[in-house]
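Here's the structure, in structure tokens; my notes come after.
In my numbering, the protein residues as written are 731 to 868.
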């Protein structure tokens, strides 16, 4: 469990440097890891996993960042991963018409639509933090 925590902290540091994880979430996860030093590493690993899932559910953590963090968590023998009741699309441009009624944007997103309530089609976005550095994909 200690190796898994160290690997998760390494990934957390990389994601934080890229801006994929907020500083407050990184501090919370680091604090949870530090409370598990010693004999209680399994409990700390569970607390970190719970905090990651909660941040993902709130929309504070992207699915890609969640997956990168969770890949270090050891799998219990014979345990099948539970399928989540929802999924966050990284590319919402690939949404089918029948899916439009259940699509919503992440809360606390950096970019929000100019036309409120618009979740599909061509969407103009407003940057809520224009002073922050942008992460552009190739």
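In this text, a Cβ means the ideal position worked out from N, Cα and C, and glycines have one as well.
Identify the residues that DSSP records as bridge partners of residue i: which are they?
i: residue 855; result: 843
Going straight from the alpha carbon of residue i to that of residue j, what length do you get?
i: residue 736; j: residue 828; result: 43 Å
i: residue 677; j: residue 794; result: The first residue shown for the chain is 731 and the last is 868, placing residue 677 beyond what the model contains.
i: residue 850; j: residue 796; result: 24 Å
i: residue 846; j: residue 771; result: 45 Å
i: residue 854; j: residue 764; result: 42 Å
i: residue 857; j: residue 734; result: 36 Å
i: residue 852; j: residue 863; result: 24 Å
i: residue 798; j: residue 741; result: 7 Å
i: residue 878; j: residue 835; result: Lying outside 731 to 868, the shown extent of the chain, residue 878 is not represented and no answer is given.
i: residue 755; j: residue 844; result: 28 Å
i: residue 801; j: residue 786; result: 15 Å
i: residue 774; j: residue 746; result: 20 Å
i: residue 738; j: residue 732; result: 10 Å
i: residue 743; j: residue 759; result: 11 Å
i: residue 749; j: residue 866; result: 11 Å
i: residue 803; j: residue 784; result: 16 Å
i: residue 848; j: residue 830; result: 10 Å
i: residue 860; j: residue 833; result: 26 Å
i: residue 825; j: residue 812; result: 24 Å
Applying the 10 Å Cβ sphere with the 16-neighbour rule, what's the burial state of residue i?
i: residue 751; result: buried
i: residue 782; result: buried
i: residue 791; result: buried
i: residue 762; result: buried
Sufficient close CB pairs (3 or more, under 8 Å) joining the stretch 773-780 to the stretch 831-844: By the criterion of at least three beta-carbon pairs nearer than 8 Å, the stretch 773-780 is not in contact with the stretch 831-844.
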